[in-house]
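Colleague: Quick note, my numbering runs 1178 ahead of the 1-based positions in the sequence shown. Ideal placement from N, C-alpha and C gives every residue a C-beta, glycine not left out. Okay, handing you the structure first.
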Amino acid sequence: MLCRVENRFLPRTAAFFDLDKTVIAKSSTLTFSKSFYHGGLINRRAVLRTAYTQFVFLAGGADHDQMERMREYLSALCKGWNVQQVKELVAETLHELIDPIIYDEAATLIEEHHTAGRDVVIVSTSGAEVVEPIGELLGADRVVATRMVVGDDGCYTGEVEYYAYGPTKAEAIKALAESEGYDLARCYAYSDSATDVPMLESVGHPHAVNPDRALRREAALREWPILVFDRPVRLKQRLSAFSLPPRPALMAAAAVSAAALTAGAVWYAARRRAGAATA
């Protein structure tokens, strides 16, 4: 258990969580494909392709090459989409689609880290407009996520400003540690993917959650704890045990220095809904 409150005279600490298959049971980006279809952004063929991609992701995870193919496909798919329309579509279905697939075990860990006085930071390859409202729903303090370039017409250009993937996640964590005063040796991190080994090894307490084969081997080699999360539950069903803190997600990937910016993936967007975490 993580109920011990951090000594207020010690440096600050945080718990860094990957999102997909670590905190929620599916891909946060692909989960919204039907919403985009009903909103007229994608056709039935694209829905079927994203459903297949979701199946592959859930069955065995996605390695670097698969992630790159997914990035290229999604980049081309969303080019020209109106950002405000995307935000509205995701905001309308956030609770319907995301709330039921949050792991009970992850929600408990988030609460325990907050009780211990640690910040909770979601670090995800998905787009900031998707990850930020999910972070609010979970009561996270900060969010690091991929950021898309938006043109003067308010539409996605298909280019990426910042790609939160692989080593870049570790760079983001180190940048946050400098700006927020986190002692990384006393921080925690959780992920399911071997692509997040740089993030996990940057903290003193790494954990593999529902790990893919490569991460399972790495965790065994390094003697990292391996956790199994398998109980998705609606937050409303556990409100008596899960008290969300009155702190919204305060910061997105903008906290990462410009030097950390890299070319990369594109993911869909959603609007921050004020008060979602305490609904």
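Just verifying my parser: in three-state terms, what is the DSSP assignment at Ile1276?
Modeller: helix
Colleague: Cα-Cα, which of Ala1284, Cys1333, Leu1316 is closest to Leu1272?
Modeller: Distance check between Leu1272 and each of Ala1284, Cys1333, Leu1316 places Leu1316 closest, using alpha-carbon atoms only.
Colleague: I need the DSSP call for Asp1330, collapsed to helix, strand or coil.
Modeller: coil
Colleague: For Phe1407, which of helix, strand or coil comes out of DSSP?
Modeller: coil
Colleague: So, for Gly1258: in the same chain, excluding its five sequence neighbours on each side, which residues have a beta-carbon less than 6 angstroms away from its beta-carbon?
Modeller: Cys1333
Colleague: List the whole-angstrom C-beta distance separating Val1308 from Lys1347, where the pair is believed to meet the contact cut-off of C-beta under 8 angstroms.
Modeller: Contact doesn't hold; Cβ gap of about 16 angstroms is too wide.
Colleague: By Cβ distance, which residues of its chain are closer than 7 angstroms to Pro1345, with the 5 residues on each side in sequence left out?
Modeller: Pro1376
Colleague: Is Val1299 buried or exposed, if buried means 16 or more other CB atoms sit within 10 Å of its CB?
Modeller: buried
Colleague: Tell me where the beta strand (DSSP E) around Phe1210 begins and ends.
Modeller: Phe1210 -> no beta strand (DSSP E), and no H or E assigned at all.
Colleague: Give the DSSP bridge partners of Ser1302, in chain order.
Modeller: Ala1323, per the DSSP bridge assignment.
Colleague: Around the Cβ of Ala1291, are there at least 16 other Cβ atoms within 10 angstroms (buried) or fewer (exposed)?
Modeller: The sequence given here has His at residue 1291, not Ala. Per the 10 Å Cβ criterion, buried.
Colleague: Select from Ala1323, Gly1329, Leu1354 the residue whose C-alpha is nearest the C-alpha of Asp1508.
Modeller: Here the chain has residues from 1179 to 1457 only, and residue 1508 is not among them.
Colleague: On the three-state DSSP scale, how would you describe Gly1336?
Modeller: strand
Colleague: Answer yes or no: do Tyr1368 and Thr1207 have a C-beta to C-beta separation smaller than 7 angstroms?
Modeller: No.
Colleague: Report all residues from its chain with a CB closer than 7 angstroms to the CB of Gly1217; omit the five preceding and five following residues, and keep chain order.
Modeller: Gln1263, Leu1267
Colleague: Val1321: buried (16+ other C-beta within 10 angstroms of its C-beta) or exposed?
Modeller: Per the 10 Å Cβ criterion, buried.
Colleague: Between Thr1209 and Cys1365, is the Cβ-Cβ spacing less than 7 angstroms?
Modeller: no
Colleague: Let me confirm a value: Leu1399 is counted as buried when at least 16 other C-beta atoms fall within 10 Å, else exposed. Which label applies?
Modeller: exposed
Colleague: Would you kindly report the start and end of the unbroken beta strand (DSSP E) that includes Ala1348?
Modeller: Note, Ala1348: premise wrong, no beta strand (DSSP E); alpha helix (DSSP H) at 1345-1358.
Colleague: Residues in the same chain with beta-carbon distance under 8 angstroms from Ala1405, minus the five sequence neighbours each way, listed in chain order, please.
Modeller: Going by the sequence as given, residue 1405 is Leu instead of Ala. Cβ neighbours of Leu1405 beyond the five flanking positions: Glu1283, Tyr1368, His1385, Ala1386, Val1387, Asn1388.
Colleague: Provide the residue span of the alpha helix (DSSP H) that contains Val1375, from first to last.
Modeller: 1375-1378
Colleague: Rounding to the nearest angstrom, what Cα-Cα distance links Glu1401 and Leu1219 in this structure?
Modeller: 45 angstroms
Colleague: What is the DSSP secondary structure of Ala1203, counted as helix, strand or coil?
Modeller: Of the three classes helix, strand and coil, the one that applies to Ala1203 here is coil, per DSSP.
Colleague: From Ala1372 to Val1381, what does the alpha carbon distance come to, in whole angstroms?
Modeller: 15 angstroms
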